[in-house]
Amino acid sequence: MDEKPNKGEHLLGLAKELLDDIELSRLGAESLLLKATRLARLAGSPEIQKWLQFEMLGYNSDDPVSLEYMSRTGRWTDYKNNYGYWGPLAEQDASIAALKIRLQTLRVPDMNYSASSANPHEVVSFGASAATQAIQKVVDESRSLANAISHISAVRSKVIALLHDFAASIYYEKVFSHLTESLFEQFKGMVDILLAERCGGVLEKVPSVYDRLMEGEPESVSQALNSCRRIIDSFADAVYPPSESTIELDGDGKALQLGPQHHLNRINVYIRDRVFSDSRRKRLRQSLKNIYERVCSGVHSDVTAEEARSLFLETYLLLGEILTLPKPSTPPTKNYKSNPSEIIKEKL
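Taking the numbering used here, the leading residue of the sequence shown gets 2, the next gets one more, and so forth.
Here you go:
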């Protein structure tokens, strides 16, 4: 059985379909509005929904959204006196069609005359003034109809442009979101496999952290942050077990302990053995330090649920990046030396 598309995929497909309908002129105004209303409802855009209702049922002078979109769609003909095209978009389309037909039927009237005298040398008046007036009347009416068609067509164009902008914003937002989700899912799948192989205990803690974060309560947030700290500790034990050795990382003569409680030191050694780029190594170490300090201090201080979720994702992504580092190899330009006291010196 085929899986049903999720909400994001449905929004993406509907927005793309609406864009094609507009750009290829596949649907009439009413059908476009109905489809746009469905998109606005799914996307959670109440203002757009309300505007589309006015486009389908007509505008009024009592609603702020109505008045705003009267201006945005160029419907005013006399703003001070509250005159404008208040009718729905379908009515404006019908008006354009009727005005075009009326314009096409306009023609200069035929001018028939006959001489009042049989004498060919006698001057006869043909009523030039009446003919001029008749022609001018046709010209004036044609100009008036053309102006009305132009104004209403501009209203229609602005409505369609707003529909297109709305559909495009939803489409490109969902395209970016879909690509981001796809990229994250691919990375997550790879990291989950590595976590399961190297440190399955870390992976087992992830669901409990997620559940607590979804609750959003202060106590749950504190427990989730505490779990994040334990995840980092478990990760350190898995990738670099504790030992009695000491290591000098920064060439400052300070020997770092690698005992059971020195989790960050051991992860930093793991990073040091696999990364020979100074900038990347410093970035990873600094990110690890910042996250660890925050999840530790956050256990006993105020941290919003949003920040806690961000810290959890940062923890997961950082540990994933560290876990995907290549196996240790000989550095291209530096030599690492061991001494009898097991102090390894390196200048970063």
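Cβ coordinates follow ideal geometry from the N, Cα and C atoms, glycine included.
| query | result |
| --- | --- |
| Just to confirm, is the Cβ distance from Ala44 to Gln50 under 7 Å? | no |
| Since Ala37 contacts Tyr172 with CB under 8 Å, what's their CB separation in whole angstroms? | So it is not a contact: roughly 12 Å between Cβ atoms. |
| Report yes or no: is there a C-beta of chain B within less than 7 Å of the C-beta of Arg275? | In the structure shown, chain B cannot be found, because there is only a single protein chain. |
| Cβ atoms of Trp87 and Tyr1: under 7 Å apart, would you say? | There is no way to answer for residue 1, as the model of the chain reaches only from 2 to 349. |
| Should Ala147 be labelled buried (16 or more other beta-carbon atoms within 10 Å of its own) or exposed? | exposed |
| Measure from the alpha carbon of Asn266 to the alpha carbon of each residue in Ser158, Ser143 and Ile233, then state which is nearest. | Ile233 |
| Return the first residue and the last residue of the alpha helix (DSSP H) that Trp384 is part of. | No answer is possible for residue 384: it lies beyond the span of the chain, which begins at 2 and ends at 349. |
| Can you tell which of Val160, Gln93 and Phe177 has its C-alpha closest to the C-alpha of Glu10? | Phe177 |
| Please give the ranges of any alpha helix (DSSP H) in the segment 76 to 111, keeping only runs that are unbroken, at least 4 residues long and fully inside the region. | 90 to 106 |
| By how many angstroms is the C-alpha of Asp141 removed from the C-alpha of Phe167? | 39 Å |
| Could you check the C-alpha separation between Arg39 and Leu33 for me, to the nearest Å? | 10 Å |
| List the endpoints of the continuous alpha helix (DSSP H) containing Pro65. | Pro65 to Arg73 |
| Distance check for Lys328 and Val192, CA to CA, integer angstroms please. | 16 Å |
| Report the three-state DSSP secondary structure of Gln262 (helix, strand or coil). | coil |
| Can you tell me which of the three DSSP states Thr316 falls into? | helix |
| For Thr305, which of helix, strand or coil comes out of DSSP? | coil |
| Should the segment 198 to 212 be regarded as contacting the segment 258 to 278, the criterion being three or more beta carbon pairs within less than 8 Å? | no |
| State the beta-bridge partners of Leu257 as determined by DSSP. | Ile248 |
| Would you call the segment 148 to 168 and the segment 15 to 31 touching, i.e. three or more CB-CB distances under 8 Å? | yes |
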